[in-house]
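Have a look at the structure below before the remarks.
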Amino acid sequence: MKSLRYWSAFICSMVAFQAAGQQQSLYSQYLFNLYIINPAYAGHSDALSTNVGYRAQWIGIEGAPVTQHLTLSSPLTMPNMAAGFVFQNDEIGARKAPSASFTYVYVVRVGNHDKVRFGLQGGIMNYQVNFSELEYAEPNDPVALSIDGNRWIGTFDFGVMYTAPRSYIGISAYSLNEASVNFTSNSDARLSNAFNFIAGKIFTVSDFLSVKGSTLVRFTEGAPVQFDLNLGMLLVNKVWITNSYRYDFGIITSLHCYISERIHFGYSFDWAMNNLADYQNGTHEIFLGFDLNIYKSSINSPKYY
1 MKSLRYWSAF ICSMVAFQAA GQQQSLYSQY LFNLYIINPA YAGHSDALST
51 NVGYRAQWIG IEGAPVTQHL TLSSPLTMPN MAAGFVFQND EIGARKAPSA
101 SFTYVYVVRV GNHDKVRFGL QGGIMNYQVN FSELEYAEPN DPVALSIDGN
151 RWIGTFDFGV MYTAPRSYIG ISAYSLNEAS VNFTSNSDAR LSNAFNFIAG
201 KIFTVSDFLS VKGSTLVRFT EGAPVQFDLN LGMLLVNKVW ITNSYRYDFG
251 IITSLHCYIS ERIHFGYSFD WAMNNLADYQ NGTHEIFLGF DLNIYKSSIN
301 SPKYY
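Residue 1 is where the sequence shown starts when you use the working numbering, and the numbers rise one by one after that.
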């Protein structure tokens, strides 16, 4: 088993000495809550949408990433506007990064059902490192001498999406202000710009079967490009079964069920097929969503995306 101190020291050294800062939180159940990776999605379901998720990554490696999130979003009574709120807590080893952001969305209608959505998002992050949990090869290491492992920083994000009843495409940009996360005077570590490109298309095979192909491409400054290729089946308009290929990682299997038109839950398991496979026992992610129809309107393709 890899030790907590080993992983914590590795992550914190990356933060302290490299200009390429923290990547965005990683998810597998984003397929059913695109708001978590693109602010422009907020308010898409025409309801007060509440979603919570929990992800435990690389089970068996002490200090491995754990992430929780809560999202709330809804259209506003003012035409063509929506708003949302996101809370995330990302932990890895000795580092924690809880954050809260508010989102404003403006919608341009380009047809009876097609829309272009623009999302602006801003918030705060409490970037924390508990240096007492770390061990250092050099006692005079600048990080070892740090006594302030707590930073409050602002975050600014943007997203745009084109949505139709059975397809979508969009791009989002996170950490636009590249906020500093320095803990010493010997570095200029910052949160790097991160970009997500998403696209998906749904095909109806029969009254009982629909198929969705989708992709997510992630680019973070100073890090390799990552991408997911997803293929999902919707059975009897209630159950999604999705298999995904994540580049340079492995395979993800997801199950997502609609108890009713308003309540849905999901579970994902990530199968590592890279060098991590021998050191961990997979990644688990659970998700619960609830849509409250406060506007008494019909749902716009909630089971598709």
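C-beta: ideal position from N, C-alpha, C; glycine also.
Item                                                                                                                                                              : Value
Starting from M81, follow the beta strand (DSSP E) in both directions and report where the run begins and ends.                                                   : 81-92
Under the assumption that F287 contacts N51 (Cβ atoms under 8 Å), give the Cβ distance between them as a whole number of angstroms.                               : 7 Å
For Q88 versus P98, is the C-beta spacing smaller than 9 Å?                                                                                                       : yes
Straight-line CA distance for Y245 to V160?                                                                                                                       : 25 Å
Please check the pair S101 and G123, which I expect to be a contact at CB under 8 Å, by giving their CB distance rounded to whole angstroms.                      : 3 Å
Taking the Cβ atom as the reference point for each residue, do S180 and A194 lie within a distance shorter than 9 Å?                                              : no
Looking at Y279: is its Cβ nearer than 9 Å to the Cβ of K212?                                                                                                     : no
May I ask which residues mark the beginning and end of the beta strand (DSSP E) holding P98?                                                                      : 95-109
Using the Cβ count rule (16 or more neighbours within 10 Å means buried), how would you classify W7?                                                              : At W7 the pLDDT is 44, less than 50, meaning the model places this residue with poor confidence; the figure from the coordinates comes in the next sentence. So W7 counts as buried.
Tell me, please, which residues DSSP counts as bridged to D157.                                                                                                   : Q121
Could you spell out the range, first to last residue, of the beta strand (DSSP E) harbouring G170?                                                                : 167-174
Straight-line CA distance for E261 to S49?                                                                                                                        : 12 Å
Please list, in chain order, all residues of the same chain as S210 whose beta carbon is under 6 Å from its beta carbon, the five residues on each side excluded. : I202, T204, L234
Going by DSSP, what residues sit across from N196 in a beta bridge?                                                                                               : S172, R218
Of all the options S192, I92, W58, V239, which has the alpha carbon lying nearest to the alpha carbon of G222?                                                    : S192
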